[in-house]
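To start, the structure under review is shown below, and the notes come after it.
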Amino acid sequence: MPTDTSKNSSIDPKSGPPAVQTRSICMEYKSGSNNRRALDHLDLSIPSGEWVALLGPNGSGKSTLLSIASGRTIPTSGDCQVMGRQLVDLQRQLIGVVFQTTALDPRLTVMENLIDLGRLQGIGRHEIHDLVKQALGDGGLLERADDRVSTLSGGLARRVDLVRAMLHGPPLLLLDEPTTGLDPIAREQYMEHLSRIHLRGRTTIIMSTHLVQEAERAGRVIMLNEGKCIADDAPSDLCEMIGRRILKVYQADFDPPEGEGWRRVDNAWTLPVIGHADPVVEDLLEQGVELALMKPTLSDVFSRVSGVGLSKAVTAG
Numbered sequence: 260m261p262t263d264t265s266k267n268s269s270i271d272p273k274s275g276p277p278a279v280q281t282r283s284i285c286m287e288y289k290s291g292s293n294n295r296r297a298l299d300h301l302d303l304s305i306p307s308g309e310w311v312a313l314l315g316p317n318g319s320g321k322s323t324l325l326s327i328a329s330g331r332t333i334p335t336s337g338d339c340q341v342m343g344r345q346l347v348d349l350q351r352q353l354i355g356v357v358f359q360t361t362a363l364d365p366r367l368t369v370m371e372n373l374i375d376l377g378r379l380q381g382i383g384r385h386e387i388h389d390l391v392k393q394a395l396g397d398g399g400l401l402e403r404a405d406d407r408v409s410t411l412s413g414g415l416a417r418r419v420d421l422v423r424a425m426l427h428g429p430p431l432l433l434l435d436e437p438t439t440g441l442d443p444i445a446r447e448q449y450m451e452h453l454s455r456i457h458l459r460g461r462t463t464i465i466m467s468t469h470l471v472q473e474a475e476r477a478g479r480v481i482m483l484n485e486g487k488c489i490a491d492d493a494p495s496d497l498c499e500m501i502g503r504r505i506l507k508v509y510q511a512d513f514d515p516p517e518g519e520g521w522r523r524v525d526n527a528w529t530l531p532v533i534g535h536a537d538p539v540v541e542d543l544l545e546q547g548v549e550l551a552l553m554k555p556t557l558s559d560v561f562s563r564v565s566g567v568g569l570s571k572a573v574t575a576g
């Protein structure tokens, strides 16, 4: 898939200012007589070339942040720059956007959709056909070029939408819950497609999700809850932050010892294990407690930092 940004921008995606930088941005929405704060003094800096996952429940501010970074929404206060530009000076050709609803015309074929888009973006008619074919080939979708979009499965339509977003070779790709509604196989195919884009090394990817399996693919995970950043690091470093392993007890009548750091999350009592776990485990087993000792996941990290389980927060949001 073409990602040469030299025709679209004077900015080298491998150098220069951060792809996205926010300084104390707030976003408030009116809700009846009250204001709801979707983002709460958020400070972030995302260098060019990173693959970042925004992980959090519905209502945590992920979509609002992406909408601001795309230039579609102006924050209530604070400052946001994209590729060193203020939002009012933002050039749309710098950004590829995939939102939860597809931007494709279901009445047209895949090829027709992409050709129409290329023309709107000012790509010459002599090069547009070759460019679209190359993009579809890179995405493994060339054999679908003449299929009407309305006949595609949800997974294929979302992958075509990704090709659409990357057609003009933007240095920044924003994706808002891009695999929503896809089955596990289609979701995996989509994420593989996204991985190939990132491996080319020219595109900054910022993707929102509430699925830890998707977030683990990114090089950096920013956890959001109630409009605030509650954790920010590489996935493996985030997991190590709460311990090498985590002890979980699912017994409803379990009464954890006081002062040891046990916390109730969803339907389990959890305890991060920093050092040697054998004494704790042996003591619990002697008491007849049913337990599990496992490596911590990003879901465990979110739970420990926020005080609420990610799955429960998603339902509540």
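All residue numbers in the sequence shown are consecutive under the numbering used here, ending with 576. Ideal placement from N, C-alpha and C gives every residue a C-beta, glycine not left out. Model, not experiment: these values are computed from the prediction.
Item	Value
Do residue 370 and residue 341 have their C-beta atoms closer together than 8 Å?	no
Which class does residue 294 belong to by DSSP, given the choice of helix, strand or coil?	strand
Below 8 Å, can you find three or more Cβ-Cβ pairs linking the segment 274–294 to the segment 441–449?	no
Quick check: residue 463 and residue 431, are their CB atoms within less than 8 Å of each other?	yes
Are there any heavy atoms of the ligand FAD lying less than 7 Å away from the beta-carbon of residue 310, as far as the coordinates show?	Questions concerning the ligand FAD fall outside what the structure shown contains, since it holds no ligand whatsoever.
Specify the secondary structure class of residue 575 as computed by DSSP and reduced to three states.	Confidence at residue 575 is low in this model, with a pLDDT of 40, below 50, so its placement is unreliable and the value that follows should be read with caution. Correct three-state label for residue 575: helix.
For residue 509 and residue 549, which I take to be in contact (beta-carbon distance under 8 Å), what is that distance rounded to the nearest angstrom?	7 Å
I need the straight-line Cα distance from residue 452 to residue 382, nearest angstrom please.	24 Å
In whole angstroms, what is the alpha-carbon distance linking residue 523 and residue 474?	24 Å
For the beta strand (DSSP E) holding residue 512, just list the boundary residues, first then last.	From DSSP, residue 512 is part of no beta strand (DSSP E); its letter is neither H nor E.
Just the Cα atoms here: how many angstroms apart are residue 411 and residue 395?	15 Å
Can you check the segment 522–551 for any alpha helix (DSSP H) of at least 4 residues that lies completely inside it and give the ranges in chain order?	537–545
Run through DSSP, which three-state label would residue 490 get?	strand
Taking only three categories from DSSP, how would you classify residue 266?	With a pLDDT of only 39 at residue 266, under 50, the local geometry of the prediction cannot be trusted, and no value is derived from it.
Determine contact between the segment 549–564 and the segment 493–512, defined as no fewer than three beta-carbon pairs at a distance below 8 Å.	yes
Do you know offhand how far residue 337's Cα is from residue 329's?	16 Å
Taking the alpha-carbon of residue 539 as reference, which of 566, 335, 557 and 504 has the nearest alpha-carbon?	504
Distance check for residue 385 and residue 366, CA to CA, integer angstroms please.	24 Å
Residue range of the alpha helix (DSSP H) that residue 372 falls in?	369–379
By how many angstroms is the C-alpha of residue 527 removed from the C-alpha of residue 566?	13 Å
Check whether the segment 352–366 and the segment 294–313 touch, using three or more Cβ-Cβ pairs below 8 Å as the test.	no
Establish whether the CB of residue 309 and some CB of chain B are separated by less than 8 Å.	Going by chain labels, chain B is absent from the structure shown, which holds only one protein chain.
With distances taken from CA atoms, which of 413, 315 and 419 is nearest residue 404?	419
Taking residue 525 as the reference, give the member of 519, 497, 562 and 545 with the closest Cα.	562
The alpha helix (DSSP H) that contains residue 396, what's its start and end?	384–397
Determine whether the beta carbon atoms of residue 437 and residue 357 lie at a separation below 8 Å.	yes
Specify the secondary structure class of residue 474 as computed by DSSP and reduced to three states.	helix
Could you spell out the range, first to last residue, of the alpha helix (DSSP H) harbouring residue 323?	321–328
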